[in-house]
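Residues 1 to 789 (full-length UniProt numbering) are what the sequence shown spells out, left to right. In this text, a Cβ means the ideal position worked out from N, Cα and C, and glycines have one as well. Some notes on the structure that comes next.
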Amino acid sequence: MRKDEAKFITEFLSEAGTKAENNDYFGYVLLDNYAIWAVADGFDEEEGAKVAARIAVESAIEYFMLRPRFNYDVIKEMMDYANLKVKEKQEETQKYSLMHTSLLIIISNYNSILYGNIGNTRFYHIRGGYIISQSRDDTIAQLLVDEEALNISDMKFHRQRNDLLQAIGDFGKIKLNIIKKPVELMEKDVFCLTTVGFWENIDEHDMENDFSRFEDKKQWLNSLEKRILASLRDNIENYTIAQVEVGAVASPEPMEKDKRKLIKKIILVMLIIVVIILFVIIWNVKRRNGILQAATQYEKLADEEILKKNFNNSIDNLKLEIGEYEKLKPKNKGIIGFLTNAEKKRADASKKIDEINKKIGETEKIKKAFSDINEGNEMFNSGNYDEANVKYQQAKYNLNDNSYKRDELNTEEILTTLDSRINSTVKLKEAKALETAGDAAVNEGSYNLAKVSYKNAADMYLANGRADYVSQVEKKLEEITDKEKTAYNGAMLAENKGDSLAQSNINSSKEAYYQARQMYQTLGDTVKVGEIDNKIQELDSQQNANLQTANNLVQEGLSQITANNPAQAINILTQAKNIYQKMKDTNNANVVSKYINQAQEFIKFESQNAEKLKTQEIEYSEKLRQQEIQIQQQLQIKEAEIKAQQEEMEQERQRREEITRKMENASNLEMQADQLAINERFEESISKYEETKKLLEEVNADGNFGNQMSKIEDLNKKIEKNEGYLLKRKAEEDFKNKKWKEAVEKFTQAKEKLEKSGTKQNEIAEIEKKLKKAEKKANKKWWQFWKIF
Numbered sequence: 001m002r003k004d005e006a007k008f009i010t011e012f013l014s015e016a017g018t019k020a021e022n023n024d025y026f027g028y029v030l031l032d033n034y035a036i037w038a039v040a041d042g043f044d045e046e047e048g049a050k051v052a053a054r055i056a057v058e059s060a061i062e063y064f065m066l067r068p069r070f071n072y073d074v075i076k077e078m079m080d081y082a083n084l085k086v087k088e089k090q091e092e093t094q095k096y097s098l099m100h101t102s103l104l105i106i107i108s109n110y111n112s113i114l115y116g117n118i119g120n121t122r123f124y125h126i127r128g129g130y131i132i133s134q135s136r137d138d139t140i141a142q143l144l145v146d147e148e149a150l151n152i153s154d155m156k157f158h159r160q161r162n163d164l165l166q167a168i169g170d171f172g173k174i175k176l177n178i179i180k181k182p183v184e185l186m187e188k189d190v191f192c193l194t195t196v197g198f199w200e201n202i203d204e205h206d207m208e209n210d211f212s213r214f215e216d217k218k219q220w221l222n223s224l225e226k227r228i229l230a231s232l233r234d235n236i237e238n239y240t241i242a243q244v245e246v247g248a249v250a251s252p253e254p255m256e257k258d259k260r261k262l263i264k265k266i267i268l269v270m271l272i273i274v275v276i277i278l279f280v281i282i283w284n285v286k287r288r289n290g291i292l293q294a295a296t297q298y299e300k301l302a303d304e305e306i307l308k309k310n311f312n313n314s315i316d317n318l319k320l321e322i323g324e325y326e327k328l329k330p331k332n333k334g335i336i337g338f339l340t341n342a343e344k345k346r347a348d349a350s351k352k353i354d355e356i357n358k359k360i361g362e363t364e365k366i367k368k369a370f371s372d373i374n375e376g377n378e379m380f381n382s383g384n385y386d387e388a389n390v391k392y393q394q395a396k397y398n399l400n401d402n403s404y405k406r407d408e409l410n411t412e413e414i415l416t417t418l419d420s421r422i423n424s425t426v427k428l429k430e431a432k433a434l435e436t437a438g439d440a441a442v443n444e445g446s447y448n449l450a451k452v453s454y455k456n457a458a459d460m461y462l463a464n465g466r467a468d469y470v471s472q473v474e475k476k477l478e479e480i481t482d483k484e485k486t487a488y489n490g491a492m493l494a495e496n497k498g499d500s501l502a503q504s505n506i507n508s509s510k511e512a513y514y515q516a517r518q519m520y521q522t523l524g525d526t527v528k529v530g531e532i533d534n535k536i537q538e539l540d541s542q543q544n545a546n547l548q549t550a551n552n553l554v555q556e557g558l559s560q561i562t563a564n565n566p567a568q569a570i571n572i573l574t575q576a577k578n579i580y581q582k583m584k585d586t587n588n589a590n591v592v593s594k595y596i597n598q599a600q601e602f603i604k605f606e607s608q609n610a611e612k613l614k615t616q617e618i619e620y621s622e623k624l625r626q627q628e629i630q631i632q633q634q635l636q637i638k639e640a641e642i643k644a645q646q647e648e649m650e651q652e653r654q655r656r657e658e659i660t661r662k663m664e665n666a667s668n669l670e671m672q673a674d675q676l677a678i679n680e681r682f683e684e685s686i687s688k689y690e691e692t693k694k695l696l697e698e699v700n701a702d703g704n705f706g707n708q709m710s711k712i713e714d715l716n717k718k719i720e721k722n723e724g725y726l727l728k729r730k731a732e733e734d735f736k737n738k739k740w741k742e743a744v745e746k747f748t749q750a751k752e753k754l755e756k757s758g759t760k761q762n763e764i765a766e767i768e769k770k771l772k773k774a775e776k777k778a779n780k781k782w783w784q785f786w787k788i789f
């Protein structure tokens, strides 16, 4: 037994902390060849948290004991089984319907370990007195660490460290965190299973320091518990730590493969072999049934295929039928041929073959009639609606001339469908343009406009026989939702950054809030924009309040100097200086430092001996009077500076409000222009784009609200594109009115503008095609009058 080769010592402690009840649960089992440890942390805010933790641990260990093994799959199966058991309890008992729990599972073959976790239970691996690895958490705080918006050492203090992204008991699909490569253990290694109440109150360096102080690992656990109880937190979560000390390890053993998968593959291969054998047997049986039966079957298949409009298959089956009847022609001649009536059999077979050849000829004619329909359908399905229209017209002409199997092939219904398809091509072309406009809106980040375009396109597809396109459009709508989520995550990160800097660096916090606001505004979330505006207003109010407080302290300090209370003045002025320094206001901080120096000079002056004071009393009184005059002058100057600063801040606020208004107007104008472009009202669209561009240029000139040049470049491309479409329309009107030269000039200009704006190549090719026609018309000679038709 591998257990006898190894030495694994398990010690643990689990307490409720400051909570009324302990919702943590720990369990482990050491089997002959394998071992399992599991810890769960029920979510305290939910009814049944303790029940969920107990069920998760017990069901995982129960599953492992039924079929113990050492591989990645068994951890996944245990996690899924525990999730199933918790969900069954949720459905069974109404009050437990919302219970969830974090879960950490470790398995071992007494040489190596594999572990997996979900939620915020955590694994630590200690070697040589140092933590060499630890598991990841499924929390918002961990996401911020991954995005480098939060330092990993600050996770335990973050307010979203317990906001789980997933847990045992979720009804959706859970994504488990399981290592796939075993961790090989060494003697004197220690690995730990912990819950949030432990790791949020214990620093990893303290763990390492205490580890080196105590050889007895039970004493180590006791010292860690003392640190938890000495924590400065008022609210201590349930805490559990289980440590496993490795005294000796068993011999190495490769990770087991799941034999059930191998058995399934073997069974599948055997089934395939059985099917092949059965197919060969059936084929031989059919072959023995006789050539005539095969010929009859081919004829039946040919009739079925022609009704399915699989004309090539029908012809192939008829040719195979000919081949079978060829086999019916006896080769015997002479007496044997006479006795077997071979001549008559050959004649009957030839007659049947002639009939089949006639069917083949007629089927070829039907195939030709339907070939235009198939080509038209391919063009229709690929979105080439103009070319599809031409093919449908040709197919309609061919079917009207067809009389063979007209009823069997439902020719009249097909003609009705063709008429409907011809009418639908115009509508579907418009729907395709809407979808393309939606794609462009997605690339430009205008998700709301893209949604409107996609939904209108989907309605038109559905109403005109292209329900297959609806799923494609719906998939794009889902992709927009995913992109919006990603954009929201970026906005939330910027907002969280602003929150974290609000107390330490107001200016950096405001910049982060402005960045988040712009992202929410692009997403069309007016509620979040309003929340960010409120946060910015709060920061402005806080900044104004701090400035006013500092200014009041300066005035009070100067009054104390005037009242000959220099010590009190130094204390008050020092408070004002600290506030200015915190606000990064270096100029005012330096001015206050000078006032403090003056007060210190007063104190120094007063400390001189009494005799010297008497002799210099008159001189000092005069000097004091001059200093009082100077201080009054400085007070007046300071009041003027404060008033100027307040006016400057008010101007800054008004400027930012004006910029925000311009950005909102620009966004609305651009959306109106995009919609006008979709409706092919190009002149109005160009005017709206120009207004938008003017507003963004004004914002960009300010220089304090982000660089808008990329957006202005996008607007220039949109203007170029709409001017190109407008020129194309005018060129088509000139072409229709036989103004060939004017049409050539406008088609050329339209091509150049659309190429600059990055328009799709198929639209450029369409314009080139029309340009060539116009050039041909413009360059014709007077005697080439037929070229006008």
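Minimum C-alpha distance to residue i - residue among the options
i, options, result
"K85", "F70, S446, T101", "T101"
"Y130", "D206, L143, I61", "D206"
"G128", "L104, K76, N209, F198", "N209"
"S112", "A16, R213, D189, N313", "D189"
"L31", "E91, S108, Y81, E47", "S108"
"A49", "D24, N317, P566, G490", "D24"
"L104", "L98, Y110, G116", "G116"
"E21", "E184, I126, E237", "E237"
"Q503", "A491, Q472, K535", "K535"
"A462", "E147, L13, T425, A388", "Checking the sequence shown, residue 462 turns out to be Leu, not Ala. Nearest of E147, L13, T425, A388 to L462, Cα basis: T425."
Distance CB(residue i)-CB(residue j) smaller than 7 angstroms
i, j, result
"Y96", "K87", "no"
"M78", "P182", "no"
"A56", "I168", "yes"
"C320", "Y298", "The sequence shown places Leu at residue 320, not Cys. Yes, Cβ-Cβ distance for L320 and Y298 is below 7 angstroms."
"A666", "T692", "yes"
"L547", "K510", "no"
"F747", "K770", "yes"
"C192", "Q160", "no"
"I315", "I360", "yes"
"K429", "Y385", "yes"
"K711", "L696", "yes"
Assigned secondary structure, residue i (DSSP; H/G/I helix, E/B strand, else coil)
i, result
"V190", "strand"
"V39", "strand"
"Q243", "strand"
"F198", "helix"
"D24", "strand"
"I267", "helix"
"V86", "helix"
"H125", "strand"
"A248", "strand"
"M1", "coil"
"I179", "coil"
"F8", "strand"
"L144", "helix"
"Q542", "helix"
Assigned exposure category for residue i - 16 Cβ within 10 Å defines buried
i, result
"Y124", "buried"
"Y34", "buried"
"E723", "buried"
"I281", "Summary for I281: the model assigns pLDDT 46, below 50, so the residue's position carries little reliability; its value from the coordinates is reported in the next sentence. Exposed: under 16 other Cβ atoms inside 10 Å."
"E343", "exposed"
"R406", "exposed"
"T363", "buried"
"A230", "exposed"
"W283", "Residue confidence is low: W283 scores 49 on pLDDT, short of 50, so the model does not pin down where it sits. Its coordinate-derived value is still stated next. By the 10 Å Cβ count, W283 comes out exposed."
Inter-residue CB distance, residue i and residue j (contact presumed, cutoff 8 angstroms)
i, j, result
"A512", "L523", "Wrong, their Cβ atoms sit about 17 angstroms apart, outside the cutoff."
"A450", "G438", "4 angstroms"
"K688", "L715", "No, K688 and L715 are not in contact; Cβ-Cβ is about 10 angstroms, not under 8 angstroms."
"A589", "Q581", "5 angstroms"
"D163", "I140", "4 angstroms"
"L558", "Y514", "So it is not a contact: roughly 37 angstroms between Cβ atoms."
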